Amino acid sequence: MVLSDDVTRFVRATGPEHTDVQERMDEFASEHHFPNIGPDAGAVLCMVARMTDAEAVFEFGSGFGYSASWFLRGGADRVVLTEFDADELERGEEFLSEAGLADRCSFEHCDAMDAIDRYDGPFDAVLIDHEKERYADAFEAVAPKLAEGGVVIADNVMYGPIDFDAVLAHLEGEDGAIDADDEESRGIAEYLDTVCNADGFETVVLPVGSGLAVTTKVD
Ligand SMILES: C[S@@+](CC[C@H](N)C(=O)[O-])C[C@H]1O[C@@H](n2cnc3c(N)ncnc32)[C@H](O)[C@@H]1O
40 MVLSDDVTRF
50 VRATGPEHTD
60 VQERMDEFAS
70 EHHFPNIGPD
80 AGAVLCMVAR
90 MTDAEAVFEF
100 GSGFGYSASW
110 FLRGGADRVV
120 LTEFDADELE
130 RGEEFLSEAG
140 LADRCSFEHC
150 DAMDAIDRYD
160 GPFDAVLIDH
170 EKERYADAFE
180 AVAPKLAEGG
190 VVIADNVMYG
200 PIDFDAVLAH
210 LEGEDGAIDA
220 DDEESRGIAE
230 YLDTVCNADG
240 FETVVLPVGS
250 GLAVTTKVD
């Protein structure tokens with residue numbers, strides 16, 4: 040299941056256009072069947088960077104820099120990109136250099152879960168977009184490093200490699216709704232259980248792109 044074409048067209052018709060470099064990044068993603076966050080969700084990252092007046096952003100899973108380009112476009116002073124595929128990260132550095140944005144980036148070629156341990160924060164915005172079964176661990180690792188009013192955005196909470204109906208049934212209280220071997224849906228369900236019940240945080244899911252869980256630190 041995905042958002043209807045009409046809804047997607049509506050969101051895209053009102054959202055910001057790609058820059059030239061973002062357009063090439065998006066074409067590159069299509070050619071390589073790479074699941075970037077897409078322009079609709081990208082515009083939300085841009086908006087969050089603006090609304091938090093972001094000084095520091097951390098990404099779990101950066102691919103070749105498309106999502107980071109949106110945070111930077113929203114004025115983020117610094118973005119930490121993490122990616123364990125060296126070729127993707129190198130291509131990301133090239134794209135962001137072409138856009139004149141690379142000097143505001145730290146490129147970490149490693150497991151994102153190791154990288155977060157090396158940063159103290161505070162982070163104003165965070166993107167979780169790596170292995171779904173590690174989303175909850177990523178939130179636990181970054182939550183103490185969030186600035187007051189900081190925002191954590193998790194991608195693919197509704198669509199992508201996710202069984203939408205099974206996750207919805209889980210959220211509505213049905214025991215055993217998700218297949219035992221469906222690790223990605225289980226990871227998303229665990230993540231949503233974690234953030235929705237976290238003290239001092241508020242979460243709203245936006246049906247944009249592949250579904251974004253937006254969690255704000257409120258005290
Ligand atoms: C969905 S893609 C990220 C897309 C990117 N955020 C964007 O919108 O352009 C997920 C990426 O996370 C990387 N990845 C997965 N697990 C990771 C981990 N534990 N540490 C670092 N990178 C990871 C994958 O290699 C892949 O490139």
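Terminal number for the sequence shown in this note's numbering: 258, no gaps in between. Cβ atoms here follow ideal geometry from the backbone N, Cα and C, with glycine treated the same way. Bear in mind that the values here come from a model prediction, so they are computed numbers and not experimental data.
Between Gly-114 and Ala-82, the C-beta gap is not smaller than 7 Å, which leaves the two residues out of contact.
Here Ile-217 carries a coil assignment [DSSP, helix/strand/coil]. Inclusion of Phe-134 and Val-50 in the CB contact set at 7 Å is not warranted, their separation being larger than that value. Distances taken from the Cβ of Tyr-105 to the heavy atoms of ligand 1 include one shorter than 6 Å.
Relative to Gly-139, the option among Ile-155, Phe-123, Asp-153, Gly-104 whose CA is nearest is Gly-104.
The alpha-carbon of Glu-122 is positioned some 12 Å away from that of Ile-155.
In the DSSP assignment, Ser-145 is bridged to Val-119. Counting along the chain, Phe-134 sits inside the alpha helix (DSSP H) bounded by residues 125 to 137.
If only uninterrupted alpha helix (DSSP H) runs of at least 4 residues are considered, those enclosed by the segment 146 to 224 are 151 to 154, 174 to 181, 203 to 210. By a beta-carbon distance limit of 8 Å, Val-181 contacts Val-191. Their separation comes to about 7 Å. It is roughly 10 Å from the alpha-carbon of Leu-185 to the alpha-carbon of Phe-97. Under DSSP, Thr-58 takes part in no beta bridge, so it has no partner. Taking C-beta atoms as the reference points, Ala-141 and Glu-147 fail to come closer than 7 Å. Counting only the Cα atoms, His-169 lies some 14 Å from Ser-224.
Residue burial annotation: Pro-78 is buried, with at least 16 other C-beta atoms found within 10 angstroms of its C-beta.
Residue nearest to Phe-67 within the set Glu-127, Val-119, Asp-116, Asp-163 is Glu-127 (criterion: CA-CA distance). Not one heavy atom of ligand 1 falls within 6 Å of the beta-carbon of Asp-126. Taking all protein chains shown into account, Cys-149 has fewer than 16 neighbouring C-beta atoms within 10 Å of its C-beta and is therefore exposed. Apart from the 5 residues on each side of it in sequence, Val-243 sits with its Cβ closer than 6 Å to the Cβ of Val-253 in its chain, given in chain order. When the five nearest sequence neighbours on each side are left out, the beta carbons in the same chain lying within less than 6 Å of the beta carbon of Leu-166 are those of Glu-98, Ser-106, Ile-192, in order along the chain. Rounded to whole angstroms, the Cβ separation of Asp-163 and Thr-91 is 4 Å, and the two are in contact under 8 Å.
At least one heavy atom of ligand 1 lies less than 6 Å from the C-beta of Gly-100.
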